[in-house]
Amino acid sequence: MRVRIFFHDRCFDGAAAAAVFSRFYSSKIRPDADFVYTGLVHRASQLFDEAQFDGDENAIVDFKYCSSPRLTWWFDHHQSAFLTPDDARHFQLDRSGKKFYDPDYRSCTKFVAAIARARFGFEAPELAELVEWADIIDGAQYPNAATAVRMEAPATQLTLVIEMGPDHDLLPRVIGMMARLPLADIMKAPEVAALFKPLYERHLQSIDLIRERSRCDGGVVFFDLISLGLEGYSKFIPYYLFPESVYSVSVSPSSFRTKISVGSNPWNTQPGMHNLATICERYGGGGHARVGAISFETGALERARRVAGEIVEELQKPA
Ligand SMILES: [Mn+2]
1 MRVRIFFHDR CFDGAAAAAV FSRFYSSKIR PDADFVYTGL VHRASQLFDE AQFDGDENAI
61 VDFKYCSSPR LTWWFDHHQS AFLTPDDARH FQLDRSGKKF YDPDYRSCTK FVAAIARARF
121 GFEAPELAEL VEWADIIDGA QYPNAATAVR MEAPATQLTL VIEMGPDHDL LPRVIGMMAR
181 LPLADIMKAP EVAALFKPLY ERHLQSIDLI RERSRCDGGV VFFDLISLGL EGYSKFIPYY
241 LFPESVYSVS VSPSSFRTKI SVGSNPWNTQ PGMHNLATIC ERYGGGGHAR VGAISFETGA
301 LERARRVAGE IVEELQKPA
């Protein structure tokens, strides 16, 4: 009995939601299930390869809906959960009782835990730490930018490993650990500890690089990391460096795309904020009201820079 679980790759909440779903599934649905984990990433084209839905059951957590009949479980909390109006209709007509959507949840992990408890009677107090941290991390509920950027708590350290770790096969192993170990013990696992050290050093360097490259005008921090080849950084660094900022916009490279990241300062929210998912959707991206992203094909650098400039101007004006 094989259950393939697709999760939002390189995301603490995606991994934690997969871990909680696995524990729920083996406790309440099938104790003999074998889990196989596959990360999903947002890209400019072809989100799903249907040939991948090869489990006896196929589940997606913390990622967009797919209308494939082979998808048997789905949980998401993103505002931009449906690729097309047809997908949204398909979900609304679903009567399986195994597909769930609630954009009011700050984390998919807490959403999975809440549905598993309310609808299926699943209780797992030992997962409470994981669920609470997924909510803090995905909902940007850190008390301040320094807590997020200094990374003293094991959950924040594991987030760095998940988001920036070099090894694509790492996440399935981390999900397995999340399902059975406290976060401090995961950080003590030799393969995780060995990855954390150089990533943390690089993180400290990236703070200096972003400090050099950023400017903050009209409440919006902007930086372009293309020429540095800096692939990914903690999204809280701009707010740590510019506590007075309200939004941040960056252009950054990656092996398979050029990415615009658009975020808002969780410690300096203002009345009447722009909806960042709505802005990103206009350019083919998506996300949440408070954080969004747009992916471009790797060649479309000039277009990405132009769009980033437009978004900066829009965010400098009132919503
Ligand atoms: Mn999430």
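The sequence shown: position 180 = 180 (the numbering used here), numbered continuously.
For glycine and all other residues, C-beta sits at the position ideal for the given N, C-alpha and C.
Values in this document were obtained by computation on a predicted structure and should not be read as measured data.
Just to confirm, are Q316 and V251 a CB contact at a threshold of 9 Å? Not closer than 9 Å, so no.
Discussion item. Can you tell me whether P266 is buried or exposed? The criterion is at least 16 other CB atoms within 10 Å of its CB, across all chains shown.
Written reply: In this structure P266 is buried. Its beta-carbon is surrounded by 16 or more other beta-carbon atoms within 10 angstroms.
Inset, instruction - List the endpoints of the continuous alpha helix (DSSP H) containing Y239. - result: 237 to 241
task: With DSSP as the reference, label A81 as helix, strand or coil.
output: coil
Applying the criterion that 16 or more other CB atoms from any shown protein chain within 10 Å of the CB defines a buried residue, is S22 buried or exposed? buried
> Quick one: does the C-beta of D138 sit closer than 8 Å to a heavy atom of ligand 1?
Replying inline: yes
Notebook entry, point to check: Whose C-beta lies closer than 6 Å to the C-beta of A148 among residues of the same chain, with five residues either side of it excluded?
Noted result: Y142, F236
Roughly how far, in whole angstroms, is the beta-carbon of V3 from the beta-carbon of D34, given that I think they are within contact range, below 8 Å?
7 Å
In the region 185 to 260, which residue ranges form an unbroken beta strand (DSSP E) of at least 3 residues, counting only runs that do not cross its ends?
List check, beta strand (DSSP E) in window: 215 to 217, 220 to 224, 247 to 254.
- Pull up the DSSP beta-bridge partners for S264, would you. Y247
| said: Applying the 10 Å Cβ sphere with the 16-neighbour rule, what's the burial state of L225? | reply: buried
- Message: Can you list, in chain order, the residues of its chain with a C-beta nearer than 8 Å to that of G287? Leave out the 5 residues immediately preceding and following it.
- Response: H78, Q79, S80, V262, L276, A277, C280, A293
Checklist entry - Can you tell me where the beta strand (DSSP E) with T298 in it begins and where it stops? => result Counting along the chain, T298 falls outside any beta strand (DSSP E), and DSSP gives it neither H nor E.
**Prompt:** Does DSSP put T72 in a helix, a strand or coil?
**Reply:** coil
Give a yes or no on whether the C-beta atoms belonging to L83 and K64 are separated by under 9 Å. Yes, Cβ-Cβ distance for L83 and K64 is below 9 Å.
Check: Who does E57 pair with in a DSSP beta bridge?
Finding: DSSP, once it has assigned bridges, lists V3 as partnering E57.
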